[in-house]
Every structure is written in structure tokens, then in C-alpha cells.
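Residue numbers (the UniProt record's numbering): 1 to 200.
Accompanying notes for the structure given below.
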């Protein structure tokens, strides 16, 4: 009976001890965090400000419409100016930012699709190479495959030599049916152009 799969395991939420894994995980999670924030801005029209310090003490930020404006509004507690022209400018800018966020989200999704498609093509290529390994370059074949290829070529050589063996070919000619129609009497001079006594 086959071994039962444990399924997808829940990752324990504790700080990683391996610095290399920590940096890689931070980079992936940061991109995912900013992507979700961008989607939230696009869907709900909210203003967001995110500041992240990496394990290497580098600063990364994401803000809509701008991180500086969001911070100033939070620190000073000042609501946005909704009067007249400034309100129209802000609305127009927000619309442009939302459009850019939508384009960014679409591009990220397209990149993910192309990435998965590339992985599928690589899997298909590897499967094809394993199925038709003799078509791959010689330098990419292992010793066992080279030995199999050598044996196959030697067998092919024997078969070709057998096909062109004089005895086999004469037997093949004798087995060819008579294709001359009944009653056909060819001119003997055409088939025996040499004069009598030639060669004696």
C-alpha cells in the first residue's frame, strides 16, 4: 500500500536562523506585501503607506498616492484638501495612480503566467529528451546511453550490409515478376549489339 501524503504543511511562524533563507524569504514576502497593497489601492481607492526595514537594515517603502503625503497626513492629522482646483488635481492624480497600479498588477500577473509557462516548457523539454535521448548531443549522453547508441548503430550496419549482400540481391531479382507483355518479341540486336564471334 502506498505511503499517504501528509499534504501541505503549515509553516511555523518563527524567525529563521539561516541568514541566507531569511534574506530570500524577506525579498519574496516584501514583493507580495507591496502587491497586495497596490491591489487594495486599486480596488478600494484607499491611501496606503508602508515602510519596511530589511534584516540588513535597508529601507523599503510603498505609498499611494505618495509615501511622503501619507506620512505627513498621519503625523499632522491633516485631512486632504477637498477645495476647488486642488481637489480636482488630487482626483486626477489618484485616477492616474490607480490606472498605473492596475497596469502594474496586470504586468505582475503576466510575468507569473509566463514564468509558469516557461517551467512547463522546461518540463516538456526534459521529458522529450528523456524519451528521445538518442537525438540529444553526444556530449550530453551518459556512458550507458552511448553504449546503447553504439550497439544500435552496429546492428543497423549489419542490416544494411545484409540488404546489399550479392546473394541476397540476386535472390531478390529472381523474385521480381515478369513484367514483359505476352507476345512481345524485342529486336535481338538491341539486346545483343555485339557481332558474332566478339570476344572469342
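Just so it is clear, CB atoms sit at the ideal spot from N, CA and C, and this is done for glycine as well.
Closer than 7 Å: residue i CB and nearest the ligand GDP heavy atom
{"i": "residue 63", "result": "With respect to the ligand GDP, the structure shown offers nothing to examine, as it has no ligands at all."}
Same chain, Cβ closer than 8 Å to residue i, five either side skipped, listed in chain order
{"i": "residue 39", "result": "101 and 105"}
{"i": "residue 242", "result": "Coverage of the chain is limited to positions 1 through 200, which leaves residue 242 absent and any answer about it impossible."}
{"i": "residue 20", "result": "none"}
Distance CB(residue i)-CB(residue j) smaller than 8 Å
{"i": "residue 55", "j": "residue 22", "result": "yes"}
{"i": "residue 45", "j": "residue 96", "result": "no"}
{"i": "residue 30", "j": "residue 14", "result": "no"}
{"i": "residue 108", "j": "residue 28", "result": "no"}
Endpoints, the alpha helix (DSSP H) within which residue i is located
{"i": "residue 163", "result": "143-163"}
8 Å Cβ cutoff, residue i in contact with chain C
{"i": "residue 65", "result": "Within the model displayed, chain C is absent; a lone protein chain is all it includes."}
Sequence-distant residues of its chain with Cβ nearer than 7 Å to residue i (five each side left out)
{"i": "residue 176", "result": "Low confidence applies to residue 176: its pLDDT is 45, below 50, so where it sits in the model is not reliable, and the reading given next is rough at best. Same-chain partners within the cutoff: there are none."}
Query raised in the report: Which runs of the alpha helix (DSSP H) fall wholly inside the segment 33-120 and span at least 4 residues, in chain order?
Result: 67-76
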